[in-house]
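Chemist: Quick note on our numbering: the sequence shown kicks off at 263 and runs consecutively.
Handing you this structure, nothing more for now.
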Amino acid sequence: MTQQKWTRREFTQTVGFGLAAAFASPIAARGWEERLAHLERVKLRPKDPTDLVLLNSNENPYGPAPVALAAMVKAHGIAGRYPDYVADQVQEALARLHSVQPEMVQLTCGSTEMLKVATQAFLGPGKRLVMAEPTFEAPEGYARLTGAEVVKVPVDVNYRLDLEAMVKAASVRPGLVYVCNPNNPTGTFVSQPALAAFLERVPAESVVLVDEAYYHYVEHPDYATALDFVHAERNVIVTRTFSKVYGMAGLRLGYGVAWADLIRQMRPHQVFESWNVMACAAALASLEDPDVVERNRRLNSAARAYLVGEMERRGYAVIPSETNFLMIYLGRQVTPVIEAFYRAGIAVGRLFRGLPQHLRVSIGTQAELEKFVAAFDSVLGQMSRAA
263 MTQQKWTRRE
273 FTQTVGFGLA
283 AAFASPIAAR
293 GWEERLAHLE
303 RVKLRPKDPT
313 DLVLLNSNEN
323 PYGPAPVALA
333 AMVKAHGIAG
343 RYPDYVADQV
353 QEALARLHSV
363 QPEMVQLTCG
373 STEMLKVATQ
383 AFLGPGKRLV
393 MAEPTFEAPE
403 GYARLTGAEV
413 VKVPVDVNYR
423 LDLEAMVKAA
433 SVRPGLVYVC
443 NPNNPTGTFV
453 SQPALAAFLE
463 RVPAESVVLV
473 DEAYYHYVEH
483 PDYATALDFV
493 HAERNVIVTR
503 TFSKVYGMAG
513 LRLGYGVAWA
523 DLIRQMRPHQ
533 VFESWNVMAC
543 AAALASLEDP
553 DVVERNRRLN
563 SAARAYLVGE
573 MERRGYAVIP
583 SETNFLMIYL
593 GRQVTPVIEA
603 FYRAGIAVGR
613 LFRGLPQHLR
623 VSIGTQAELE
633 KFVAAFDSVL
643 GQMSRAA
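Here it is in structure tokens:
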């Protein structure tokens, strides 16, 4: 039910063909090399939670809920079995949650895998990925592997997605349009009316992927999930993740919701049984606990308000955020600041294209943010005196 069942030979042949096609293009190979270099620079630095305050990856500092931890312990008894049965239960629970048929839900290894299989299914030479600049970069790297053209549309003066320009770009060699809502790294969102008007104008030949990784953190009344459009639009995919509000970033579980025919087109590009028993057990328990989302949303909101207040009190502007991170305008090149924070024992966000003077800070616990604020005064104070 969750996965089409293939023989191992059929699966190996399909995956092998896809990899060969991807690396046949020198441009695709260079794109992948750039992605690996980025990971080496940013992601592979030491992470010792006892010594380093981690405010760099938009993780939930509280981790999985107690019910999820208990479910994982119980799942040890079935860890020697393939995860189909538990995954089917998660798929059915998500279908009930979103009022769709189970065949309209596809589990993936984090929502990033959903971005990968969508680019592979709907892009290729002669097609175009349209995305914002800046936004989450993963779709760009995966798109280049297919040989597709990547068109990046700068955000507007308010750091919001320029939907008008994205529609125009999508009208040429239509393929896939990526909408991160709320957007990472700006933290801004597309309102429900704006998204509805956008979807009406996007060419029917384009598939629109709306990434809602930060959906649960939004408080603004003008925001609404794009899941409402999945019922009416056959070319809309919505992705969600258990990495953020559910605190399961290390467990790697996400999913997509779309019309069944889109799911069928993406499924052959997915790693066979890419989810695991522990992640599925934790997800199922979290979905059944009515307090998980609200508790984490409340903690995030209070900590975010504290950090906004401290930055504004010091005269630093922040981009209004509906997520679990903030973009702080420093008025200076951010790379030396990032390195200085790291030396002070605090990991903050990386440099983002188009925002060279903005510092992204993930919302940690109150205690972690107090350490950040103290280090902020020290780091920026030293830099100002040295200037």
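Each residue gets a CB set at the ideal place from its N, CA and C atoms; glycine is no exception.
Quick check: what's the CA-CA separation for leucine 642 versus histidine 620?
Modeler: Position 380 of the sequence shown, counting from 1, holds the residue named residue 642. Position 358 of the sequence shown, counting from 1, holds the residue named residue 620. Rounded to the nearest angstrom, the two C-alpha atoms are 13 Å apart.
Chemist: Sort out for me which residues DSSP pairs glutamate 411 with in a bridge.
Modeler: Your numbering for residue 411 matches position 149 in the sequence shown. Paired residues: Arg390.
Chemist: Between which two residues does the alpha helix (DSSP H) carrying isoleucine 525 extend?
Modeler: Residue 525 sits at position 263 when you count from the first residue of the sequence shown. From DSSP, the alpha helix (DSSP H) with isoleucine 525 extends over 522-528.
Chemist: Does the count of Cβ pairs from the segment 467-478 and the segment 374-388 closer than 8 Å reach three?
Modeler: With the cut-off at 8 Å, the segment 467-478 and the segment 374-388 touch.
Chemist: Which residues mark the beginning and the end of the alpha helix (DSSP H) in which arginine 650 is found?
Modeler: No answer is possible for residue 650: it lies beyond the span of the chain, which begins at 263 and ends at 649.
Chemist: Taking DSSP's pairing of strands, which residues face glycine 516 in a bridge?
Modeler: Looking up residue 516 in the sequence shown gives position 254. According to DSSP, glycine 516 bridges with Thr370, Thr503.
Chemist: So what does glutamate 395 bridge to, in DSSP terms?
Modeler: In the sequence shown, counting from the first residue as 1, residue 395 sits at position 133. DSSP, once it has assigned bridges, lists Pro416 as partnering glutamate 395.
Chemist: Which same chain residues end up closer than 7 Å to valine 658 when comparing Cβ atoms and leaving out the 5 residues on each side of it in sequence?
Modeler: It is not possible to answer for residue 658, since the shown part of the chain is limited to 263 through 649.
Chemist: Can you grab the Cα-Cα spacing for the pair threonine 501 / threonine 585, in whole Å?
Modeler: By one-based count along the sequence shown, residue 501 stands at place 239. By one-based count along the sequence shown, residue 585 stands at place 323. Cα to Cα, the separation comes out at about 16 Å.
Chemist: Closest by CA to alanine 431, which one among Tyr404, Pro455, Glu462, Met393?
Modeler: Taking the first residue of the sequence shown as position 1, residue 431 is located at position 169. Nearest option by C-alpha distance: Met393.
Chemist: Helix, strand or coil for methionine 645, going by three-state DSSP, please let me know.
Modeler: Numbered from 1 along the sequence shown, position 383 holds the residue referred to as residue 645. Three-state DSSP puts methionine 645 in a helix.
Chemist: Determine the direct distance from the alpha carbon of valine 412 to that of proline 345, and round the result to whole angstroms.
Modeler: As a first step, residue 345 must be located in the sequence shown, where it is residue number 83. As a first step, residue 412 must be located in the sequence shown, where it is residue number 150. Each residue's Cα considered, the two are about 36 Å apart.
Chemist: Measure the C-alpha to C-alpha separation of threonine 597 and glycine 325 and round it to an integer number of angstroms.
Modeler: To locate residue 597, count along the sequence shown from 1; it is residue 335. To locate residue 325, count along the sequence shown from 1; it is residue 63. Cα-Cα distance, rounded: 29 Å.
Chemist: If you count every other CB in all the chains shown that lies within 10 Å of the CB of serine 624, and 16 or more means buried, which is it?
Modeler: Taking the first residue of the sequence shown as 1, we reach residue 624 at position 362. So serine 624 ends up on the buried side.
Chemist: Express the C-alpha separation of threonine 408 and alanine 286 in angstroms, rounding to a whole number.
Modeler: Sequence index remark: in the sequence shown, residue 286 carries index 24 (1-based). Sequence index remark: in the sequence shown, residue 408 carries index 146 (1-based). In this prediction, alanine 286 scores a pLDDT of 42, lower than 50, which makes its location untrustworthy; the coordinate-derived value is nonetheless stated afterwards. Cα to Cα, alanine 286 sits roughly 10 Å from threonine 408.
Chemist: Helix or strand or just coil, what does DSSP make of valine 480?
Modeler: Within the sequence shown, the letter at position 218 stands for residue 480. Here valine 480 sits in coil by DSSP.
Chemist: With a cut-off of 8 Å on the beta carbons, I'd call valine 480 and proline 444 a contact; round off their distance for me.
Modeler: Residue numbering aside, residue 480 sits at position 218 when the sequence shown is read from its first letter. Residue numbering aside, residue 444 sits at position 182 when the sequence shown is read from its first letter. The Cβ separation is near 6 Å, so the contact holds.
Chemist: My understanding is that arginine 390 touches arginine 343, with C-beta atoms under 8 Å, so please give their C-beta distance in whole angstroms.
Modeler: Here the question's residue 390 lines up with position 128 in the sequence shown. Here the question's residue 343 lines up with position 81 in the sequence shown. At roughly 43 Å, the Cβ-Cβ gap does not stay under 8 Å, so arginine 390 and arginine 343 are not in contact.
Chemist: For arginine 271, I'd like the list of residues in its chain whose CB is within less than 8 Å of its CB, leaving aside the five on either flank, ordered along the chain.
Modeler: By 1-based counting over the sequence shown, the position of residue 271 is 9. The predicted model places arginine 271 with a pLDDT of 37, which falls under 50 and marks its position as unreliable; any figure quoted below should be read in that light. For arginine 271, where only same-chain residues beyond five positions count, there are no Cβ hits under 8 Å.
Chemist: In the DSSP output, which residue or residues are listed as bridge partners for phenylalanine 587?
Modeler: As a first step, residue 587 is located in the sequence shown; it is residue number 325 there, counting from the start. Answer is Ser624.
Chemist: Looking at C-beta atoms only, is the number of pairs between the segment 314-330 and the segment 530-548 that lie closer than 8 Å three or more?
Modeler: Flag = yes, the segment 314-330 and the segment 530-548 touch.
Chemist: Flag this pair as yes or no: are the beta carbons of glycine 626 and valine 315 separated by less than 8 Å?
Modeler: Start at 1 with the first residue of the sequence shown, and residue 626 comes out as number 364. Start at 1 with the first residue of the sequence shown, and residue 315 comes out as number 53. Their beta carbons are under 8 Å apart, which means glycine 626 touches valine 315 by this criterion.
Chemist: Taking the beta carbon of arginine 560 as the centre, do at least 16 other beta carbons fall within 10 Å, making it buried, or is it exposed?
Modeler: On the sequence shown, residue 560 is found 298 positions in, with the first residue counted as 1. With fewer than 16 Cβ atoms within 10 Å of its Cβ, arginine 560 is classed as exposed.
Chemist: Flag this pair as yes or no: are the beta carbons of leucine 489 and alanine 456 separated by less than 8 Å?
Modeler: Translated into the one-based positions of the sequence shown, residue 489 becomes position 227. Translated into the one-based positions of the sequence shown, residue 456 becomes position 194. Result no, Cβ atoms of leucine 489 and alanine 456 do not sit closer than 8 Å.
Chemist: Contact between the segment 412-421 and the segment 394-404: three or more CB pairs below 8 Å?
Modeler: The segment 412-421, when compared against the segment 394-404, does touch it at the 8 Å Cβ threshold.
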